[in-house]
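In the numbering used here, the protein residues as written are 5 to 83. Written below as structure tokens is the structure these notes are about.
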């Protein structure tokens, strides 16, 4: 397990970035914050979609649309 102390960064963030190893990834979670977005942008060279969801509702139509659009862009365009 990677331990990188950064205020406001979810403990999973460095682990997911390390696992991705520069590959594109989409991450859906109810605890993603702006600090996580900033950390991923600074430490991950590949494309990443961080999508915060409401734990009470789960995934909704907008989330599926965002994931589909992001995945389609990866499949048809650079990066």
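Just so it is clear, CB atoms sit at the ideal spot from N, CA and C, and this is done for glycine as well.
Quick one: grab the DSSP three-state call for residue 14. DSSP places residue 14 in coil when its eight states are reduced to three.
Does residue 73 come out as helix, strand or coil in the three-state DSSP assignment? If DSSP states are grouped into helix, strand and coil, residue 73 belongs with the helices.
Drop a sphere of 10 angstroms on the beta-carbon of residue 40, count the other beta-carbons inside from all chains shown, and report buried for 16 or more, exposed for fewer.
Taking all protein chains shown into account, residue 40 has 16 or more neighbouring C-beta atoms within 10 Å of its C-beta and is therefore buried.
For the segment 24-32 against the segment 51-68, do three or more pairs of beta-carbon atoms, one drawn from each stretch, fall closer than 8 Å, so that the two count as touching? The segment 24-32 vs the segment 51-68: in contact.
Notebook entry, point to check: Using the C-alpha atoms, what's the distance from residue 16 back to residue 64?
Noted result: Distance between the alpha carbons of residue 64 and residue 16: 23 Å.
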